[in-house]
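The structure appears right after this line, and notes come after that.
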Amino acid sequence: MRTTRFLVLAAVGALAGAGLAGCGAKDDSAGDAAAGGPIAVKATDTACEVGSTEVGAGTVVFKVTNSGAKVTEFYVYAAGDRVMGEVENVVPGLSRELHVELPAGTYETACKPGMIGKGIRGGLTVSGSAAPLTEDAALASATESYQRYVRSQTGALLDKTTEFVNAVKAGDVAGAKALFPVARTYWERIEPVAEIFGDLDPKIDGREEVLEEGMEFTGFHRLEKDLWTTGDISQDGPIADRLLTDVKEIVAKANAEKLSPLNLANGAKELLDEVATGKITGEEDRYSHTDLWDFNANVEGSKAAIAALRPVLTERAPDLVTSLDAGFATVDTTLAKHRAGDGWKLHTELSPADLKELSDAINALAEPISKVAAVVAK
Amino acid sequence: MTDNRVSRRRAIGLAGAAGAAGVGVAAGAGALLRGVLDPQPTAASAASGAVPFRGEHQAGITTEVPDRLHFVAFDVITKDRARLVELLRDWTVAAARMTAGQDAGVVGAVNGMPEAPPDDTGEALGLPPSGLTLTVGFGPTLFRDADGRDRFGIADRRPAALAELPRFPGDALQPEISGGDLCVQACANDPQVAVHAIRNLARIGMGVVSVRWSQLGFGRTSSTSREQATPRNLFGFKDGTANLKAEETELLRDHLWVQPGDGPDWMTGGSYLVTRKIRMIIETWDRTSLGEQEELVGRTKGSGAPLGQHDEFEEIDFDTTGPDGRPAIGETAHVRLAHPDLNNGARLLRRGYNFVDGSDGLGRLDAGLFFIAYQRDPRKQFVPIQTRLARHDVLNEYLRHVSSGLFACPPGVRDQGDFWGRVLFA
Numbered sequence: 002m003r004t005t006r007f008l009v010l011a012a013v014g015a016l017a018g019a020g021l022a023g024c025g026a027k028d029d030s031a032g033d034a035a036a037g038g039p040i041a042v043k044a045t046d047t048a049c050e051v052g053s054t055e056v057g058a059g060t061v062v063f064k065v066t067n068s069g070a071k072v073t074e075f076y077v078y079a080a081g082d083r084v085m086g087e088v089e090n091v092v093p094g095l096s097r098e099l100h101v102e103l104p105a106g107t108y109e110t111a112c113k114p115g116m117i118g119k120g121i122r123g124g125l126t127v128s129g130s131a132a133p134l135t136e137d138a139a140l141a142s143a144t145e146s147y148q149r150y151v152r153s154q155t156g157a158l159l160d161k162t163t164e165f166v167n168a169v170k171a172g173d174v175a176g177a178k179a180l181f182p183v184a185r186t187y188w189e190r191i192e193p194v195a196e197i198f199g200d201l202d203p204k205i206d207g208r209e210e211v212l213e214e215g216m217e218f219t220g221f222h223r224l225e226k227d228l229w230t231t232g233d234i235s236q237d238g239p240i241a242d243r244l245l246t247d248v249k250e251i252v253a254k255a256n257a258e259k260l261s262p263l264n265l266a267n268g269a270k271e272l273l274d275e276v277a278t279g280k281i282t283g284e285e286d287r288y289s290h291t292d293l294w295d296f297n298a299n300v301e302g303s304k305a306a307i308a309a310l311r312p313v314l315t316e317r318a319p320d321l322v323t324s325l326d327a328g329f330a331t332v333d334t335t336l337a338k339h340r341a342g343d344g345w346k347l348h349t350e351l352s353p354a355d356l357k358e359l360s361d362a363i364n365a366l367a368e369p370i371s372k373v374a375a376v377v378a379k
Numbered sequence: 025m026t027d028n029r030v031s032r033r034r035a036i037g038l039a040g041a042a043g044a045a046g047v048g049v050a051a052g053a054g055a056l057l058r059g060v061l062d063p064q065p066t067a068a069s070a071a072s073g074a075v076p077f078r079g080e081h082q083a084g085i086t087t088e089v090p091d092r093l094h095f096v097a098f099d100v101i102t103k104d105r106a107r108l109v110e111l112l113r114d115w116t117v118a119a120a121r122m123t124a125g126q127d128a129g130v131v132g133a134v135n136g137m138p139e140a141p142p143d144d145t146g147e148a149l150g151l152p153p154s155g156l157t158l159t160v161g162f163g164p165t166l167f168r169d170a171d172g173r174d175r176f177g178i179a180d181r182r183p184a185a186l187a188e189l190p191r192f193p194g195d196a197l198q199p200e201i202s203g204g205d206l207c208v209q210a211c212a213n214d215p216q217v218a219v220h221a222i223r224n225l226a227r228i229g230m231g232v233v234s235v236r237w238s239q240l241g242f243g244r245t246s247s248t249s250r251e252q253a254t255p256r257n258l259f260g261f262k263d264g265t266a267n268l269k270a271e272e273t274e275l276l277r278d279h280l281w282v283q284p285g286d287g288p289d290w291m292t293g294g295s296y297l298v299t300r301k302i303r304m305i306i307e308t309w310d311r312t313s314l315g316e317q318e319e320l321v322g323r324t325k326g327s328g329a330p331l332g333q334h335d336e337f338e339e340i341d342f343d344t345t346g347p348d349g350r351p352a353i354g355e356t357a358h359v360r361l362a363h364p365d366l367n368n369g370a371r372l373l374r375r376g377y378n379f380v381d382g383s384d385g386l387g388r389l390d391a392g393l394f395f396i397a398y399q400r401d402p403r404k405q406f407v408p409i410q411t412r413l414a415r416h417d418v419l420n421e422y423l424r425h426v427s428s429g430l431f432a433c434p435p436g437v438r439d440q441g442d443f444w445g446r447v448l449f450a
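Chains as they are written, first to last, in my numbering: chain A, 2 to 379; chain B, 25 to 450.
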């Protein structure tokens, strides 16, 4: 469960918005520098000329042209060398743009010829006020798009969980076993959203060992255990009812929740982390071994969040989009080797080499995805 | 505005290097500060100081052997040559930073955006460079895969000396901890610093490489400098007495560094690395009498002197006889079989480490020697020596070779635009 981290990030997003809005406007004259187009940065092996050292708050665009002989980088630092934005790998003869959201304050710019050292530093003063992150139209549109996805998935989650619960209550072991990975697919696609509601997640999806003292073992994995170990579900009616109640509650909460763009970015990463820690090892569905259903659903959920952010990412970090596309393609190809009918092979049918290959593919994708939040926040 | 990021570890690193230069030990330390081409970084450095990263040869070969090792072998999982080359560039930048005691990335472990993962993992915060060296090598499988395919358009650059090692009698090699397309040897005086370096390189390499196997080591079992005392292996014997030493310039030329004309130009100034994980059957060894242990090795356990002689560094005299009139050093004693005189004068530069990987489930130490040897041509050095040892060495009763690796280590990174393997991929 990563509830804490998720909520903290949501809070950070909110605070950043408040902070930006709270910056007092001195005057608007400095804003014109940014309004006039990108600030030219002339980088050589020995110099770093920044076209304007006073700009207005908001999204500031720098166009870095490298006329030196060494590959360079350009940074904007806040106090303590906190990186506000950076553009890497500007090869000699080329220009690249950096878009960075800067609230009022004093900053330093730096070119790093040869990509090492402290760089050639200069001052940068930002004044005026700027719109918060959430007012960025593209980001707002991204969260709306993802929230539509959450709505569609929660609808299906409710339908399939209802079918699963009915099968359990009817004593239909075979039917319940077939529905188990299907109902979970919709859960696993949006799991980071569900995890926001800390008390519900363990009730619905908790495994026996994560339960705290005094907590009852309920939810999907309790029913999974009974279905696959003893096959005796005759006493599970109340557990099944409880699952449906909890799922209804979380569906209502998830649809009411206002997500931040950072929720999407981090959710996309957390879904892959789920795969890397719980699904690759077969820990999650230890009785049914249907981990690859969850694996695929986690990847689909991650892909949906990235898809919602795609216009923003394409604008701000096109190279990242290229590596994300390649990463998702590799995961899909690797996973496709293990299809079985409409579903997937069982975890126990995979060799250690198969699992290593899947693990490598997930790590290769999770690495660039871990950079998405910073792009969204800039 | 202060530059917290740079000051964090580098201040300590530079202080260490400058201190070493002050006493005239670290020849390269001044060069590090000036940013010019380092001379061959053979000299010793203070235990906490920085060993120069750049130079004619890679650091970590003749540089003083520190006490700890983290060795890793990678499989390359991309088919894209450009991505591999980009990784080698990124690795070089990160390696240069970490060996100088800096964070792996320019932002650092704690100064980046709160929304982004740090570009350094942080467990070396506050630790000095600790003599860290990082040495890269390329395995035969990087050039052609098992099906003979030219993987990255470099098959015609594979040196003849990088021929797969033959199977030696008694080998019990486990494929999953053998071989690899790339390797990185991290040596340091602090295990946390060595582990940090490998962890960050593995992180940077996600999607391009995948860790195949790795090995931790402690207690260097060889000395590469006359400054260092000869250490002991887990059998309790001094090991590496006759090792090539950094000071022996001519011997290094003949036995260690690849010379012009030996093979493809990209390896000139480089060296070939053989690794062998040698499990020691500790418990039965410990029940062996002192006399027999010394006979098996051919040296006394206390001083390390050859049997029948008195001083560790005395030239071994195989004609010395014992009281019974027979040779003091037996025909199958380890030192005799491994001696250059029996191997066409072939010598190796060893810098192996002891390892203990816990216990094996039967209550036996899972321990032994992680053997590391550098040489000019394994076909003329390691292979004949190991063939002789594998056939005749009576120590084999107490040894199992469980892992094997062979890598071509290119010459040193010369300047700031240079990177590991640049000439190979040029």
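From the three backbone atoms N, C-alpha and C, an ideal C-beta is built for every residue, glycine too.
- Taking CB atoms only, V109 (chain B) has no neighbour in chain A less than 8 angstroms away.
- The alpha carbon of R287 (chain A) has as its nearest neighbour, out of A:G342, A:F221 and A:E301, the alpha carbon of A:F221.
- Distance between T86 (chain B) and K269 (chain B), taken at the CA atoms: about 7 angstroms.
- Interface with chain A (8 angstroms Cβ-Cβ cutoff): M304 (chain B) is excluded.
- In this structure, the beta-carbon distance from A177 (chain A) to V169 (chain A) falls below 8 angstroms.
- Annotated as distal: G376 (chain B) and G204 (chain B), with beta-carbon spacing of 8 angstroms or more.
- In the structure shown, G315 (chain B) adopts helical secondary structure according to DSSP, grouped into three states.
- E109 (chain A) is positioned such that its CB atom lies closer than 8 angstroms to that of G123 (chain A).
- Taking 8 angstroms as the cut-off, the beta carbon of A184 (chain A) is found no closer than this to the beta carbon of F198 (chain A).
- The CB of D361 (chain A) comes closer than 7 angstroms to the CB of I101 and S234 in chain B, given here in chain order.
- Taking a 10 Å sphere around the C-beta of F394 (chain B), we find 16 or more other C-beta atoms and assign the residue as buried.
- Our two residues, G215 (chain A) and I240 (chain A), have alpha carbons roughly 16 angstroms apart in a direct line.
- The beta carbon of L186 (chain B) lies closer than 6 angstroms to those of P164 and A432 in the same chain, with the five residues before and after it left out.
- N368 (chain B) sits exposed, since fewer than 16 C-beta atoms from the chains shown fall within 10 Å of its C-beta.
- Residue contact check for M137 (chain B) against chain A: a CB pair falls below 8 angstroms.
- R400 (chain B) and G94 (chain A) have their C-alpha atoms some 41 angstroms from each other.
- Under the 8 angstroms Cβ criterion, the stretch 378 to 391 of chain B does not count as touching the stretch 269 to 287 of chain B, having fewer than three qualifying pairs.
- At the C-beta level, G84 (chain B) and C211 (chain B) come within 8 angstroms of one another.
- Between the C-alpha atoms of S202 (chain B) and H81 (chain B) there is a straight-line separation of about 26 angstroms.
- Using a CB distance below 8 angstroms, the part of the stretch 224 to 249 of chain B facing chain A consists of R227, M230, G231, V232 and S234, ordered along the chain.
- Measuring C-alpha to C-alpha distances from V61 (chain A) to each of A:T219, A:G38 and A:E74 identifies A:G38 as the nearest.
- From the listed residues A:K357, A:G129, A:M85 and A:G118, the smallest Cα separation to E55 (chain A) is found for A:G129.
- In this structure N256 (chain A) is exposed. Its beta-carbon is surrounded by fewer than 16 other beta-carbon atoms within 10 angstroms.
- Comparing alpha-carbon positions, the option among B:T411, B:F261, B:V437 and B:E338 lying closest to H425 (chain B) turns out to be B:T411.
- The beta carbon of K71 (chain A) falls within 8 angstroms of a beta carbon belonging to chain B, placing the residue at that interface.
- At least one C-beta of chain A is nearer than 8 angstroms to the C-beta of G441 (chain B).
- A residue is called buried when at least 16 other Cβ atoms come within 10 angstroms of its Cβ; Q236 (chain A) does not meet this threshold and is exposed.
- F95 (chain B) has its alpha-carbon roughly 8 angstroms from the corresponding atom of I222 (chain B).
- Residue ranges of uninterrupted beta strand (DSSP E) with 3 or more members, entirely inside the stretch 183 to 257 of chain B and ordered along the chain, are 206 to 212 and 233 to 244.
- For D180 (chain B) and W290 (chain B), the gap between their C-alpha atoms comes out near 12 angstroms.
- Excluding five sequence positions before and after H290 (chain A), the CB atoms of its chain that fall closer than 6 angstroms to its own CB belong to L347, H348 and T349, given in chain order.
- Per DSSP, the unbroken alpha helix (DSSP H) holding T246 (chain A) starts and ends at G238 to A257.
- Contact annotation: V359 (chain B) and V233 (chain B) have beta-carbon atoms that are not nearer than 8 angstroms.
- With contact defined as three or more Cβ pairs closer than 8 angstroms, the stretch 244 to 252 of chain B and the stretch 263 to 280 of chain B are in contact.
- Taking a Cβ-Cβ cut-off of 9 angstroms, the neighbours of L263 (chain A) in chain B comprise E139, given in sequence order.
- Linking A367 (chain A) to S72 (chain B) through their CA atoms gives a straight-line distance of about 35 angstroms.
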